[in-house]
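Remember, the numbering used here sits 831 above the position in the sequence shown when you count from 1.
Take a look at the structure below.
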Amino acid sequence: MRVDGKGLIDRSRPVSFSFDGKTYSGFRGDTLASALLANDITLVARSFKYHRPRGILTAGSEEPNALMTIGSGAAREPNVRATVQEIYPGLEARSQNNWPSLDFDLMSINDLAAPFLGAGFYYKTFMWPRAFWEKLYEPVIRRAAGLGALSGENNPDKYERAYAFCDLLVIGAGPTGLMAALVAARAGADVILADEDARMGGRLNAETYAIDGMAGPDWVQEVVAELAGMDNVRLMPRTTVTGVYDQGTYAALERVSHHIANRAPGAPLETFWRIAAKQSVLAAGALERPVAFQNNDRPGIMTAGAVRAYLNRWGVSPGRSVTVFGNNDDAHRTAQDLVAAGVHVAALIDSRTDVAQTGDYPVFAGAQVCGSGGRKALESITVRSARGEEKITTDCLAMSGGWNPSVHLTCHMNGRPTWRDDIAAFVPTPGAVPGMVTAGACNGDFSTVACLEAGVAAAKTALEALGLKAAKIEVPVADDTPYALSPLWAVPGKGRAWLDFQNDVSVKDVKQAATENFRSVEHMKRYTTQGMATDQGKNSNVAALAVLADATGRGIPKTGTTTFRPPYAPVAIAAMGAGAQGKGFAPQRFTTSHAACVEHGAPMIEVGMWYRPSYFPAPGETTWRQSCDREVNAVRETVGVCDVSTLGKIDIQGPDAAAFLDFVYTNTFSTLKLGRTRYGLMLREDGYVMDDGTTARLGENHYVMTTTTAAAGQVMRHLDFVHQALCPELDVSFISVTEQWAQFAIAGPKSRALLNDMLDEQITDENWPFMACGSVSLFGVQGRLFRISFSGEHAYELAVPARYGDSLFRLLVARAEALGGCAYGMEALNVLRIEKGFITHAEIHGRTTAFDIGMERMVSAKKDCIGKTMSQREGLIEDSRERLVGLKPVGSVKQLTAGAHLFNKSDDAVRVNDQGYVTSVAFSPTLQSFLGLGFLKNGPDRHGEIVRMVDHLRGIETLCEVCHPVFFDPEGGKVRG
């Protein structure tokens, strides 16, 4: 219910929103959670495992229960925490994990089966019968798994990534963070102040504390206004720092437009930040922990700090008759604030015996809440004290088991927190994150004045590391009440006392894990799923550790903690991959000839990230095979033109360029003559083939390397690694120029005639022999010409600056057609290379060596190279290895298929008899036969042998003759002629 005179919301601006199809009203500044509570909505969700009724537990990002689906259609977003989502006009929210409705959830029948569904039941239940796993268990589990559901439609939202740099990153804008930012900013440091809340101030917005005689929120506004007016300060509300990484790098998620009804065109929903900070101050505050007791999960049972927050910040009382239960002085403030606001407090139950009367309400000292009544809402609680058990009628219970400092970010670099007995909580270990100072409540300082002092001290420490001096500043006058508690983790009693509210993990489950010898905290976590929900155990981990410690007879420090990993709060994959939706995820890279190919009717296919023509259909052709055969015949008989611009091109220059090439290639390049090209083979460090290609020497210290299309990026990264890590002393520079040059293959008996019709100077066999390279001029445009062939024909590759690519391709194709030739696509290119026995990444797929592909002699014995030693391991040069062979069908079935396996003619086609596999196949119109390349055990010594090819997937089987992989012109006369 709303409480008059309370809250920081704007009551002059009502906001209409809907929940589960029903319309409600709130005010500007409300979260979805506060607006629902204001409308007396307590049942908001169902738990994951047992589908028990769940209400709002907290007031922050740690909320485990109130997860909603926001929006509809393609834009709907599941698992949004109602405690974080701000309401706006037209907001649509729906509850999750229920069917057919939240109020009547048939899946709640799971709760009746709870005795059979205890911790680890799935490890025991789904083991038998074995055949049931795929047919029954897995389908049922998959249907039941998960909370919210995506729409299944393309996400229309926009996400951005951004980068920021600062001297000091302050994480958290409570009293500690504000003071740290203020001190550092006044000293001249570049400061970023990030806070996950929409309103800076932290707990000061939820309390009635005064600072320097002002109300807490008023003091916050004054400090924020000063910071906002400084050029060296960036304020980042709605921004959660989600991860800490090496060298002062932080990840942060900014919720840019989640609170806006009508976003501006192009406005992002979220921005994922990478922040580089020289120093940081962690002022992330602390999280209140619940107390476990029988049925402590009913809607209406909340943390005491959350009840205060809803009252003081949002002007909402979660109940009309509130009971408070705690083990610390902080719980008393909740009762006092409620009474001061006119809300009835039914009782205050304190587990400590030495408790004074603190207000006009009954106080039960040395008592504990041992149970609750109601089903879909809290109706009563049971209190156990020295005088026995008694029931209290109440519709809201505010419980407090103490506060846990938010240590999570300090553990992201493998740090472990330290236990403090005086506050019964873990605190950050100093130095866990280089350059980070922890301060305030996250460091175990819970009074307001202690937080303010800690903020000043943290800023001074950071400024000293930055070489800056802090100006003298007086710490504001504020509350200095000490924090006092007596640990209480779980109230003894029958029934289920809940620890993890989302995953339905109880005290009994943790004890059962210990009984079954899952005594390690990490084993217990996985056995029970404790702390594996979306809140990552923020509300339950420490209590669960305490229960485990008690069950195993160890103290909490010896029990330890689970590993906190990024992200601190859930982050949409779309935000982390900002810019990678649609074409950003799968970029479309077009060659300069793309438009001309499309005009010719060529189907465009993806090759790596590029789009290349599959074939060029001619009038009257009805199948791709007809087009492909015609193109192959054109190359063999006249001339064909193919765009090969997608091949990686790396420009390498420097006095040590030749030595560098010798080191990355298996063969020698330092002996390559000026104006010549050489084929090269490149190995990974483990001795397997990485890539192949040609490198041309254009100048004394100038080379151009070509790579396969598929490995262009990999090779570039490899060269960077080799230069930086293995031979930094070499004076060599290189850069990718793949997109700077358009390059075309001109292949066939008439290729030279076509070129001489366009070049400003004629070429001959004498001045441009096989493997020659150099500069040429055509129509006054400077280009490069390489006499190399991937088809086995007399061929050239002509390169020009990319801006001339479209025009040159059209001219080349027109002249080829005039000579009886044509353009050819990827299908014909594949046939031509298989006829010639040339390899691609179908053969050098990452598991083959130079020995396997018959190129072991290319590994020079006169020099060292990357991968040489590893390639000569005994197991990689055995004759019994699967080695490259050619294949021709000789059985009644004349078809070969890539991916099929090879077997001895008389062996059964089973795994143990596997002799090899087929990598590439094509029908050769030149040889009028299917041809294939593949790998066969001891292949080169089995030429002429008949083996059986079996494709289990397609149901194809035939006999093949093993032959040399070069089917066409094995002497190489055509390519050199």
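Just so it is clear, CB atoms sit at the ideal spot from N, CA and C, and this is done for glycine as well.
Asked                                                                                                                                                                                       : Found
Might you give, ordered along the chain, the residues of its own chain that have their beta carbon closer than 7 Å to the beta carbon of LEU1299, omitting 5 neighbours on each side?       : ALA1018, GLY1019 and ALA1020
Sort VAL1607, GLU1119 and VAL1022 by Cα distance to ASN1063 and report the nearest one.                                                                                                     : VAL1022
Please list, in chain order, all residues of the same chain as GLU984 whose beta carbon is under 8 Å from its beta carbon, the five residues on each side excluded.                         : GLY904 and ALA905
Just the C-alpha distance for GLY1511 and PHE1798, rounded to the nearest angstrom, thanks.                                                                                                 : 22 Å
One question on the structure: do SER1751 and GLY1763 come within less than 8 Å of each other, judged by their Cβ atoms?                                                                    : yes
I'd like to confirm the pairing. Which residues does DSSP put opposite TRP1329 in its beta bridges?                                                                                         : SER1337
Distance, Cα to Cα, ASP1637 vs HIS1090?                                                                                                                                                     : 48 Å
Ordered along the chain, which non-local residues of its own chain (more than five positions away) have a Cβ less than 6 Å from that of ASP1043?                                            : PRO1307 and VAL1308
Can you tell me whether MET1657 is helix, strand or coil according to DSSP?                                                                                                                 : helix
Should ASN1598 go down as buried or exposed, given a rule of 16 or more other Cβ atoms within 10 Å for buried?                                                                              : exposed
With a Cβ-Cβ cutoff of 8 Å, do ALA1177 and THR1154 count as a contact?                                                                                                                      : yes
Determine the DSSP secondary structure at VAL930, reduced to helix, strand or coil.                                                                                                         : For clarity, residue 930 is Trp in the given sequence; the question names Val instead. Three-state result, TRP930: coil.
Which term fits ILE940, buried or exposed, when burial requires 16 or more other beta carbons within 10 angstroms of its beta carbon?                                                       : exposed
Can you give the Cα-Cα distance for PRO1771 and ILE1675, rounded to whole angstroms?                                                                                                        : 17 Å
Measure the CB-CB distance between LEU1550 and VAL1495 and report whether it falls below 8 Å.                                                                                               : yes
Using the beta-carbon count (16 or more within 10 Å), is MET832 buried or exposed?                                                                                                          : exposed
Within 10 angstroms of its Cβ, does GLN916 collect 16 or more other Cβ (buried), or is it exposed?                                                                                          : buried
Using the Cα positions of TRP930 and LEU978, report the straight-line distance between them to the nearest angstrom.                                                                        : 12 Å
Assign LEU1058 to one of two classes, buried (16 or more other C-beta atoms within 10 Å of its C-beta) or exposed (fewer than that).                                                        : buried
My understanding is that ARG823 touches VAL1373, with C-beta atoms under 8 Å, so please give their C-beta distance in whole angstroms.                                                      : Within the shown structure, residues of the chain are numbered from 832 to 1808, placing residue 823 beyond reach of any answer.
Just how far apart, CA to CA, sit MET899 and CYS1227?                                                                                                                                       : 22 Å
Go to ARG1461, then tell me how far its alpha helix (DSSP H) extends in each direction, as first and last residue.                                                                          : 1455-1468
Residues bridged to TYR1081 by DSSP?                                                                                                                                                        : VAL1075 and ILE1106
Out of curiosity, what's the CA-to-CA distance linking ALA1229 and GLN1419?                                                                                                                 : 56 Å
Please state whether DSSP places THR1392 in a helix, a strand or coil.                                                                                                                      : coil
Return the residue from the list VAL1051, ALA1647 and VAL1662 that minimises the CA-CA distance to SER1760.                                                                                 : VAL1662
To the nearest angstrom, report how far apart GLY1652 and ILE1697 are at their CA atoms.                                                                                                    : 43 Å
Taking its Cβ as the centre, do 16 or more other Cβ atoms sit within 10 Å of TRP959, making it buried, or is it exposed?                                                                    : exposed
Who are the Cβ neighbours of GLN1555 in its own chain at under 6 Å, not counting the five residues just before and after it?                                                                : none
Hey, which unbroken runs of the beta strand (DSSP E) at 3 residues or more fall wholly within the stretch 1213-1254?                                                                        : 1219-1224, 1227-1231, 1234-1236 and 1249-1251
For the stretch 1327-1342 against the stretch 1030-1041, do three or more pairs of beta-carbon atoms, one drawn from each stretch, fall closer than 8 Å, so that the two count as touching? : no
What are the uninterrupted segments assigned as alpha helix (DSSP H) that are 4 or more residues long and contained completely in the stretch 1260-1325, given in chain order?              : 1279-1297
Take MET1657 as the anchor and find which of ALA1293, SER1476 and ALA1115 has the nearest alpha-carbon.                                                                                     : SER1476
My parser needs the alpha helix (DSSP H) runs of 4 or more residues fully inside the stretch 996-1022; what are they?                                                                       : 1006-1017
On the criterion of 16 or more Cβ atoms from any shown chain inside 10 Å, does SER1231 qualify as buried, or is it exposed?                                                                 : buried
With 16 other CB atoms within 10 Å as the buried threshold, where does GLU1705 fall?                                                                                                        : exposed
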